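Asker:
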Amino acid sequence: MDIFLQQVINGLTLGAVYAIVALGYTMVYGIIQLINFAHGEVVMIGAMVALTVINLLAAAGLPPLVVLLIGAGCAIPVCMLVGYGMERLAYRPLRRAPRLAPLITAIGVSIILQHLAMLVWSRNVLAFPQIIETRVYTVAGAAITNVQIAVLLVCVAIMAGLAALVYRTRLGIAMRATAQNAQVAGLMGIDVNRVIAATFVIGAGLAAIAGVLVGTYYGVAQYTMGSILGLKAFSAAVLGGIGNIPGAMLGGVLLGVVEALGAGYIGDLTDLCRIAGISDWLTQRCSGGGHFVLFGSNYQDVFAFVVLILVLVFRPSGLLGERVGDRA
Amino acid sequence: MQQPKLGIALLVAVTALALAGCGEEKKPEAAKTQAQAPSVPTIEIKIGHVAPLTGGIAHLGKDNENGARLAIDQANAAKIMIGGKLAHFEMIAEDDQADPKVGTTVAQKLVDAKVAGVDGHLNSGTTIPASAIYHQAGIPMITGSATNPMLTEQGFDNVFRVVGRDDQQGPAIANYLASTDKPKVVAVVDDATAYGEGLANEVEKTLKAAGVKVLAREKGTDKTTDWKAVLTKIKGEKPDAVFYGGMDATGGPLIKQGKELGIGAVFAFGDGACTDKMAELAGPAAEGMLCSQAGIPPQAASKSFLDAYKAKFNTDPILYAPFTYDAANLLIEAMRKADSAEPAKYLPELHKISYMGATGRIEFDAKGDRKDAEITIFSMKNGKIAPIAVVKAGQTLAYDEFLKSMGGSGGK
């Protein structure tokens, strides 16, 4: 049982990170129906900027938490600038183009950002400075670290903050209006360009936070780290129903938990020695407490995507659906 | 992609010039002797070097390349005569990105460029497919770091390695583990690459032979950074030791997360994760880990190599540089002995060579493997890996004893 609980905790932490990144995909999709494939790279840039700042401040003798917050404080505006820049330079000129054009552009932007990062931060796997001393707490036999708790809390705070922004502020109203009908929103006096730019900037800010969390949690950063994370987060957004903010959160957390449980149990479930009696050959192969695992934990990613496919087969618009009228 | 390569090339050129500075007075003289005897023609000999210069283990690839470059620059400075001509060696350094597909493309490129020999590749996964291409072209290749046994089991007479094999390294670390830590249950994890899986298989075989219970194999990939699910499962089985066959970029997160989950086992690794970078990636969690390297640690290589490397690159070798240095020297030595840079002519010399390299005496067996290759066991102490024992021909020697047996100064 404690193992199961541990896997769920692992999955929730992973899922919280996916969820924060997925929000960036879903907000942009909700408002202009663009899948911003460069979003994963913004996460990477956030992690890299924070890493650089923390390394620079390491000698200053400040408390570790302050250093980390300064690192995040530098990463967020840099990422916001990147987010604004890519909207202004790459996507806005293509706003009236067929939908395929901005999609391909997004992939191009992703490649450009990745290689710029490679030139700046080298190709090596960099060690994200381990300045926060990891403390381990035990809950019902399962270990949870202070970093994991922080990841979960930040995720909840972001969710609450975003909900307040979208449903309680003028900008939120403008965003929802633009999502429903950009043209009419424009006629009502909403500066549509400004609202779309704001969406990109907010998403990029969240990506920066995710980058810092991932770096602190795993202790590594590399210029390619954004691509698979971005892909997973995009899947999470689709799983929950792209364009739908609560959907992105649900999809992220669900994908994380499914991945952790899948990786944790798929090996046991597909261990052919469980059915060793079925043939003599198998009995022989398994004698002496051996194992004959069909799919090991390296199928972790496959497992997550199989779940995604299954959900999409039965609910093509995701778990919570693409809420067309209320997206943003 | 071009920019950094150009930058590195420029840097190397500048360093080379700076180094050549002290020898400059001699040059006009040499030029004069050549001018006096205009009959001394030169021969251009191309030697290929392949390692990943991009991606997660680019730092190891660069280290390999540096070792080969040092050997070639020294050979050029020594003005070796081959076939009555002054040999000028040119190194063609290629990047295989640690990707088997790119590895074969690059191998074909080197064959087309008519290289006389190849020093590389770094990874087993790229070396094995590439070796078939060199074999077809009849070009000798010596790897300084590919440790998968399969490489020399293909029956190719042009393939050599100066480093130990996984089936030597695996048993060495497994035996050390079984005899010193006496674990009852061991979990074995690999990264599903030819290298990681091969090494893990050998470790599992040896442990089982020693009567240790081995858990069902867990796998990640060579890009995995989240090991929590795998480690949690392992934690439930309460192992006394965990062995991981893979590189440091994935091994660092593995040991960090293992300690976070409260796994109290000894963590052991193969040579791919036997670097100081482990401490950087995992922080204090890496302390006390065990790991093995085929061959001897770079700091135990011959002093003349270490000094020359430091002088040229202003850094210390990381891992395999002494081996790629020896590999390049072996190619050159065989060419000198055969008095020819024709692959078909100097290849027989490689088979019977006995050469004192930076890593000790090198002779090859019938398969092209190095005879009596040493395996060194390391432990992480204060953020640096420190050699604690050397396994040679089935015997475990404490590191100090080994240094004494090598003459105290290491290497020579």
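Going line by line, the protein sequences match chains A and B.
Taking my numbering, the leading residue of the first sequence gets 4, the next gets one more, and so forth.
Taking my numbering, the leading residue of the second sequence gets 8, the next gets one more, and so forth.
All C-beta atoms in this analysis are idealised placements derived from N, C-alpha and C, irrespective of residue type, glycine included.
Nothing here was measured: the structure is a model prediction, and the numbers come from that model.
1) With DSSP as the reference, please indicate the residues paired to Met88 of chain B in a beta bridge.
2) Going along chain A in order, which residues have a C-beta closer than 9 Å to the C-beta of Thr426 of chain B?
3) So, is Leu141 of chain A buried or exposed, given that buried needs 16 or more other C-beta atoms within 10 angstroms?
4) Whose C-beta lies closer than 7 Å to the C-beta of Ala236 of chain B among residues of the same chain, with five residues either side of it excluded?
5) Check whether the segment 285 to 296 of chain B and the segment 257 to 268 of chain B are in contact - that is, three or more C-beta pairs closer than 8 Å.
6) Does the beta-carbon distance from Leu279 of chain B to Thr366 of chain B come in below 8 Å?
7) Kindly indicate which residue of A:Val316, A:Pro66, A:Asn149, A:Asn58 has the alpha-carbon position closest to the one of Arg138 of chain A.
8) Is any beta-carbon of chain A found at less than 8 Å from that of Lys235 of chain B?
9) Mapping the DSSP letters down to three states, classify Gly267 of chain A as helix, strand or coil.
10) Helix, strand or coil, according to DSSP, for His56 of chain B in the structure here?
11) Who are the Cβ neighbours of His56 of chain B in its own chain at under 6 Å, not counting the five residues just before and after it?
12) Please work out which residues of its chain come closer than 7 Å, Cβ to Cβ, to Val20 of chain A, disregarding the five sequence neighbours upstream and downstream, and give them in chain order.
13) When you compare each of A:Phe298, A:Met121, A:Gly144, A:Gly254 to Gly63 of chain B by their alpha carbons, which one comes out closest?
14) Do you know whose CA, among B:Leu206, B:Asp376, B:Ile52, lies nearest Met254 of chain B's CA?
15) Could you give the DSSP three-state label for Gly218 of chain B: helix, strand or coil?
16) Span of the beta strand (DSSP E) holding Val1 of chain B?
17) Determine the chain A residues that contact Ala199 of chain B at a beta-carbon separation under 9 Å, and present them in chain order.
18) Does the pairing of the segment 250 to 267 of chain A with the segment 41 to 52 of chain A give three or more beta-carbon distances under 8 Å?
19) Are Val310 of chain A and Gly270 of chain A closer than 8 Å when you measure CB to CB?
20) What are the start and end residues of each continuous beta strand (DSSP E) run of 3 or more residues lying completely inside the segment 141 to 199 of chain A, in chain order?
21) Quick one: grab the DSSP three-state call for Met50 of chain B.
22) Could you tell me the distance, in whole angstroms, from the CA atom of Tyr316 of chain B to the CA atom of Gly144 of chain A?
23) So with CB distances below 7 Å, who are the chain B contacts of Gln186 of chain A?
24) Reducing DSSP to helix, strand and coil, say where Gly364 of chain B ends up.
25) Check whether the Cβ of Ala63 of chain A lies closer than 8 Å to any Cβ atom in chain C.
26) According to the Cβ coordinates, are Lys69 of chain B and Leu60 of chain B closer than 8 Å?
27) Quick one: which residues of the segment 111 to 127 of chain A get their C-beta closer than 9 Å to a C-beta of chain B? List them in chain order.
28) Can you give me the start and stop residues for the alpha helix (DSSP H) that Ile312 of chain A sits inside?
29) Over what stretch of residues does the beta strand (DSSP E) that includes Ala248 of chain B continue unbroken?
30) Could you give the uninterrupted runs of the alpha helix (DSSP H) lying entirely in the segment 141 to 224 of chain B, keeping only those of 4 residues or more?
31) Tell me whether Lys352 of chain B sits in a helix, a strand or coil according to DSSP, three-state version.
32) Out of curiosity, what's the CA-to-CA distance linking Ile23 of chain A and Asp283 of chain A?
33) Just reading off the alpha helix (DSSP H) that Ile48 of chain A is part of, what are its end residues?
34) Leaving out five residues before and five after Pro35 of chain B in sequence, what residues of the same chain have Cβ atoms less than 6 Å from its Cβ?
35) Let me know if Gly49 of chain A comes out buried or exposed under the rule of 16 or more other beta-carbons within 10 Å of its beta-carbon.
36) Name the chain B residues that come within less than 9 Å of Ala263 of chain A, Cβ to Cβ?
Answerer: By the coordinates alone:
1) B:Leu93
2) In the structure as shown, chain B begins at 8 and stops at 419. Residue 426 of chain B is therefore absent and cannot be evaluated.
3) The question names Leu, but residue 141 of chain A is Thr in the sequence shown. Label assigned to Thr141 of chain A: exposed.
4) none
5) yes
6) The sequence given here places Gly at residue 279 of chain B; Leu does not occur at that position. Not in contact: Gly279 of chain B and Thr366 of chain B (Cβ atoms no closer than 8 Å).
7) A:Asn149
8) yes
9) helix
10) strand
11) Glu72, Ala75, Met98, Ala100, Asp126, Gly127
12) Val154, Ala213, Leu216, Val217
13) A:Met121
14) B:Leu206
15) coil
16) Nothing in the structure corresponds to residue 1 of chain B, since chain B is present only between 8 and 419.
17) Gly299, Asn301
18) no
19) no
20) 145 to 148
21) For the sequence presented, residue 50 of chain B should be read as Ile rather than Met. Strand.
22) 51 Å
23) Those do not exist, as Gln186 of chain A stays about 44 Å from chain B at its closest Cβ, beyond 7 Å.
24) strand
25) The question asks about chain C, but that chain is absent: this structure's protein chains are A and B.
26) yes
27) His118, Met121, Leu122, Ser125, Arg126, Asn127
28) 303 to 317
29) 248 to 252
30) 173 to 187, 201 to 216
31) helix
32) 51 Å
33) 42 to 60
34) Confidence in Pro35 of chain B is poor, its pLDDT being 46 and thus under 50, which makes the residue's placement unreliable; the coordinate value appears in the next sentence. Excluding residues within five positions, none has a Cβ falling inside 6 Å.
35) buried
36) Asp233, Lys235, Ala236, Thr239
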